[in-house]
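Q: First the structure, then my questions, so here it is.
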Amino acid sequence: MQTPTAEYRKTDFRRPKELFKGLDAGVYALIGMYKRRSTTASKLLVEAERIDDLAPQYKDLANHQLQQRLFELREKFRRGMRDETDALLHSLAAIREAADRQIGLRPFVVQLMGALALYRGYLAEMATGEGKTLTACLTGVLWAWSRKPCHVITVNDYLVQRDADWLGPVYRFCGVRVGVVTALMPPDERRKGYACDITYATSKEVVADFLRDCLKVMSIRNPTRRLIRSLLARSNVETAGDLVMRGLHSAIVDEADSVLIDEAVTPLIIATLRPNDTLREAVLKAHEISLPFEPTVDYTVNLRYKEVELTSAGREKLERLCAQLPGLWRGPLRRSELIKQALTAREFYHQGKQYVVLDGKVVIVDEFTGRQMPQRTWREGMHQAIEAKEGLPLTDPNETIARISFQRYFRLYRRLAGMTGTASEAAGEFWQIYGLPVVQIPTNKPCIRARYPDRVFGHEEEEWTAVVEEIERLHAIGRPVLVGTRSVIASELLAQRLDARGLPFKVLNAVRHQEEAVVVALAGEKGHITIATNMAGRGTDIKLGAGVAAMGGLHVIATERHESGRVDRQLFGRCARQGDPGSAQAFVSVEDELLRRYLPGPMQRQLAAAVRAGLPGADKLAHVAFAHAQRTAQRIAFKMRKNVLRTDDWLDESLSFATSETGG
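Position one of the sequence shown corresponds to residue 2 (this note's numbering), numbered consecutively onward.
If you want it as structure tokens, here you go:
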């Protein structure tokens, strides 16, 4: 392994920098605003055009000559460049030519801008369909040339494998080894994936592997050491061969808002099964006792914070039902918490939304991606409470042995960059937490997406009827339609309605996901109807079939607003890509979950009355209400993310096995 430079050694034991507070935070925010200034993109454009001007120097080279030139540039990066600008521009020009020859795609000038932004540690906001995957490849080659670990993080295993396979020829031509790490890989395969110069993986996999490696090297004070294997060898630690990662150095995060913002609401936890018969018996008994409890009479429900509180009548009923029970049921606080957990499982965890039942097991569904998470469970008895509700055998509970927040983990990388189509709304948080300034990259071709006004309905049934009628109308003229739903159950109910009308369709959700690549590939063909959860909201490139552009392109229908407007924009971004035509529209109702959870009761009633009466301006009022609900939801989510960070800081300061030292 290459000997680190003096500068590299100094940062070997780097811990995440503390976040600024008070006046310092205000000054730091101003610095971020300066870095996000509009002239940044202009400077990137000038450099990208200089790269474009270098194209003739590489276009006429034979393959072996081009490869030889790439290897010469690679050596400059490995030795560490002093005057990097000239070598950087020539390197990107040569990699661009290699991409054109190996996979038949020549990066546009705007993609070169994006690659420069990533290399310099920015978060590049590139509109959907602008080729972010290829952009990351350009920077990935440069960072992988340093021989330091480089991770490309994306949102699901499907994209991990797809991107690595697709870009593999480019990487190999440039002298870079590419590997993948996916959820079902055994340790030996993971080790091979991380041993490559560049590794594609999801955030959940890299963070989990990081924690598992930390647990194996508890005797080493800081697990973020990059040259971990040589350190272990010098320390005679026998676990060296068991580690899977080479360390942390560089990371490019695709769909950065999803990975760094949405998924950061909860930390990643490593747990081990601990048999606990007492807890299992208590959960079963709590479910049995909770059956006669009635909402509003015995308990109240807080939709916004997903909390249940017992009423005075409920507390009396609980005391009466537990009067003859022994042990922990005699403690008022303990029995109250057990019953509230059972009621929370009933009210807020629904099959087809938060989870699915497969082969007799409760499998969590990721709210942001719509995908199964078979290796994850809810904590503190909630998973067992849901199993009891579903009448399934109760599994043993988990005991936490290591935890880390996504915010803390990604701040451990020495070099971090990201890209997404929807970053502007969270630009302040990206800078405050991760030190990532957002720069907006222009589109290669003008976007000609037609964005129709939302259709607002007074009742949910009216909304679904209108959605089916609109699908039927578009199908009759041959236009392909992509319908986005927020949950598995909503996608299945819509499928039943279309089936009753005799309409052909494909469904993509956490249950029906085996043919994802085929479904996505055909979604833009003439007359195709595709129903999808958020699985089709990110990273999927839907190509238009013959003659579809002349009809207006792909039409996207959103059947409900999400808690984040960024997720809505991602869904609409499935159409009208790279200059293709397309259109999008949302169908919403005043009974949607977003309004029920985040809009105050009086406003809900006034809005419902206005919409159902067909009053003038009701649609505009609904638009304001949904925007208010989304802002409220994001504000609460931001507070939750800050609380996760505070917990990390508390552990770091208070416990000898804090996250920064052992990954715990």
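For glycine and all other residues, C-beta sits at the position ideal for the given N, C-alpha and C.
Report yes if the CB atom of glycine 666 is closer than 9 angstroms to the CB atom of lysine 149, and no otherwise.
A: This structure cannot settle anything about residue 666, because the visible part of the chain is limited to 2 through 665.
Q: Going by C-alpha to C-alpha distance, which of Ala630, Arg570, Ala611 sits closest to leucine 595?
A: For this step, residue 595 is matched to residue 594 along the sequence shown. Ranking the options by Cα distance to leucine 595, first place goes to Ala630.
Q: Can you tell me where the beta strand (DSSP E) with phenylalanine 72 in it begins and where it stops?
A: Against the sequence shown, residue 72 aligns to sequence position 71. That residue, phenylalanine 72, is in no beta strand (DSSP E); its alpha helix (DSSP H) goes 64-80.
Q: Whose C-beta lies closer than 6 angstroms to the C-beta of tyrosine 410 among residues of the same chain, with five residues either side of it excluded?
A: Numbered from its first residue, the sequence shown carries residue 410 at position 409. These residues qualify, in order along the chain: Val208.
Q: Have a look at Arg37, Ala196, Glu310 and flag the residue whose alpha-carbon is nearest the alpha-carbon of alanine 118.
A: In the sequence shown, the residue the question calls residue 118 occupies position 117. Residue Arg37 is the option with its Cα nearest to alanine 118.
Q: Do you know how far the Cα of glycine 382 is from the Cα of glutamine 325?
A: Within the sequence shown, the letter at position 324 stands for residue 325. Within the sequence shown, the letter at position 381 stands for residue 382. Cα to Cα, glutamine 325 sits roughly 24 angstroms from glycine 382.
Q: Note down, one range per segment and in chain order, each beta strand (DSSP E) of at least 3 residues found wholly within the region 499-583.
A: 507-509, 530-533, 555-559, all fully within the region 499-583.
Q: Does proline 296 come out as helix, strand or coil in the three-state DSSP assignment?
A: As a position in the sequence shown, residue 296 is number 295, starting the count at 1. Here proline 296 sits in strand by DSSP.
Q: Am I right that aspartate 569 and alanine 559 are in contact with their C-beta atoms under 8 angstroms? What's the rounded C-beta distance?
A: Taking the first residue of the sequence shown as 1, we reach residue 569 at position 568. Taking the first residue of the sequence shown as 1, we reach residue 559 at position 558. Their Cβ separation, rounded to whole angstroms, is 6 angstroms, which keeps aspartate 569 and alanine 559 in contact under 8 angstroms.
Q: Spatial neighbours of leucine 572 within its chain, please: C-beta separation below 7 angstroms, excluding the five flanking residues on both sides.
A: Against the sequence shown, residue 572 aligns to sequence position 571. Same-chain partners within the cutoff: Gly485, Gly538, Val557, Ala559.
Q: Indicate whether valine 566 and alanine 628 have their beta-carbon atoms separated by less than 9 angstroms.
A: Numbered from 1 along the sequence shown, position 565 holds the residue referred to as residue 566. Numbered from 1 along the sequence shown, position 627 holds the residue referred to as residue 628. A small correction: the amino acid at residue 566 is glycine; valine does not occupy that position in the sequence shown. Yes; because the gap between Cβ atoms is below 9 angstroms, this pair is in contact.
Q: With distances taken Cα to Cα, identify the nearest neighbour of lysine 544 among Arg562, Ala533, His563, Gln579.
A: By 1-based counting over the sequence shown, the position of residue 544 is 543. The shortest Cα separation from lysine 544 among Arg562, Ala533, His563, Gln579 belongs to Gln579.
Q: How far does the alpha helix (DSSP H) with methionine 420 in it reach, from first residue to last?
A: Locating residue 420 in the sequence shown gives position 419, where the first residue counts as 1. Taken as a continuous stretch (DSSP letters only), methionine 420 belongs to no alpha helix (DSSP H), being part of the beta strand (DSSP E) at 416-421.
Q: What's the call for glycine 23, buried or exposed, on a 16-neighbour Cβ count within 10 Å?
A: In the sequence shown, residue 23 corresponds to position 22, counting from 1. Under this definition glycine 23 is an exposed residue.
Q: Report the residue ranges of all beta strand (DSSP E) runs contained in full by the region 331-376; include only those spanning at least 3 residues, in chain order.
A: Segments of the beta strand (DSSP E) lying fully in the region 331-376: 356-359, 362-366.
Q: Please name the residue, chosen from Lys205, Arg415, Leu90, Glu430, that lies closest to alanine 638 on a Cα-to-Cα basis.
A: Taking the sequence shown and counting its residues from 1, one reaches residue 638 at position 637. Out of Lys205, Arg415, Leu90, Glu430, Glu430 has the C-alpha closest to the C-alpha of alanine 638.
Q: Kindly indicate which residue of Leu74, Ala95, His65 has the alpha-carbon position closest to the one of glutamine 58.
A: Locating residue 58 in the sequence shown gives position 57, where the first residue counts as 1. Nearest option by C-alpha distance: Ala95.
Q: Using C-beta distances below 7 angstroms, list every residue in its chain close to arginine 647, excluding the 5 sequence neighbours before and after it, in chain order.
A: As a first step, residue 647 must be located in the sequence shown, where it is residue number 646. None.
Q: Please confirm whether arginine 498 and valine 469 have their CB atoms less than 9 angstroms apart.
A: Translated into positions along the sequence shown, residue 498 becomes position 497. Translated into positions along the sequence shown, residue 469 becomes position 468. Cβ atoms of arginine 498 and valine 469: closer than 9 angstroms.
Q: Round the Cβ separation of serine 291 and leucine 311 to the nearest angstrom and send it over; I've been treating them as touching at under 8 angstroms.
A: For the purposes of this step, residue 291 is taken as the residue at position 290 of the sequence shown. For the purposes of this step, residue 311 is taken as the residue at position 310 of the sequence shown. With a Cβ gap of about 11 angstroms, serine 291 and leucine 311 do not count as contacting.
Q: Under the rule that 16 or more other beta-carbon atoms within 10 Å means buried, what is glutamate 561, buried or exposed?
A: The sequence position of residue 561 within the sequence shown is 560, counting from 1. Per the 10 Å Cβ criterion, buried.
Q: Hey, is the region 313-327 in contact with the region 356-373, meaning 3+ C-beta pairs nearer than 8 angstroms?
A: Taking 8 angstroms as the limit for Cβ pairs, the verdict is that the region 356-373 does not touch the region 313-327.
Q: Quick check on proline 203: does DSSP put it in helix, strand or coil?
A: Against the sequence shown, residue 203 aligns to sequence position 202. One detail in the question is off: residue 203 reads as threonine in this sequence, not proline. The answer is strand: DSSP assigns threonine 203 an E or B state.
Q: Over what stretch of residues does the beta strand (DSSP E) that includes isoleucine 449 continue unbroken?
A: Taking the sequence shown and counting its residues from 1, one reaches residue 449 at position 448. It spans 449-452 - the beta strand (DSSP E) in which isoleucine 449 sits, taken as one unbroken run.
Q: For histidine 91, count neighbouring C-beta atoms within 10 Å of its own C-beta (all shown protein chains included) and say buried if the count is 16 or more, exposed if not.
A: The count along the sequence shown starts at 1 and reaches residue 91 at position 90. It is buried - the Cβ of histidine 91 has at least 16 other Cβ atoms within 10 Å.
Q: Taking contact to mean 3 or more Cβ pairs, one atom from each stretch, closer than 8 angstroms, check whether the region 61-79 and the region 408-422 are in contact.
A: As far as the Cβ criterion goes, the region 61-79 does not touch the region 408-422, which means the pair count is below three.
Q: Put leucine 397 into one of helix, strand or coil per three-state DSSP.
A: Residue numbering aside, residue 397 sits at position 396 when the sequence shown is read from its first letter. Note on residue identity: the sequence assigns aspartate, not leucine, to residue 397. Correct three-state label for aspartate 397: coil.
Q: What number of angstroms, rounded off, separates the C-alpha of leucine 160 from the C-alpha of glycine 615?
A: The residue labelled residue 160 in the question sits at position 159 within the sequence shown. The residue labelled residue 615 in the question sits at position 614 within the sequence shown. Their backbone Cα atoms lie some 45 angstroms apart in a straight line.
Q: Please work out which residues of its chain come closer than 7 angstroms, Cβ to Cβ, to glutamate 471, disregarding the five sequence neighbours upstream and downstream, and give them in chain order.
A: In the sequence shown, the residue the question calls residue 471 occupies position 470. The residues are Ile558.
Q: Contact between the region 432-440 and the region 584-594: three or more CB pairs below 8 angstroms?
A: Result no; under three Cβ-Cβ pairs closer than 8 angstroms.
Q: Beta-carbon within less than 8 angstroms of lysine 446's beta-carbon, same chain only, minus the 5 sequence neighbours each way: which residues are those?
A: Taking the sequence shown and counting its residues from 1, one reaches residue 446 at position 445. Within the same chain, lysine 446 has close Cβ partners Gln579, Gly580.
Q: So glycine 548 and glycine 525 are supposed to be a Cβ contact under 8 angstroms. How far apart are they, rounded?
A: Indexing the sequence shown from 1 puts residue 548 at position 547. Indexing the sequence shown from 1 puts residue 525 at position 524. Rounded, the Cβ-Cβ distance is 11 angstroms, inconsistent with contact.
Q: Just reading off the alpha helix (DSSP H) that serine 473 is part of, what are its end residues?
A: The sequence position of residue 473 within the sequence shown is 472, counting from 1. Per the sequence presented here, residue 473 reads as glutamate, with serine not at that position. Note, glutamate 473: alpha helix (DSSP H), 461-477.
Q: Would you call the CB atoms of histidine 624 and aspartate 455 closer than 9 angstroms?
A: The residue given as residue 624 occupies position 623 in the sequence shown. The residue given as residue 455 occupies position 454 in the sequence shown. Cβ distance < 9 angstroms, so histidine 624 and aspartate 455 count as in contact.
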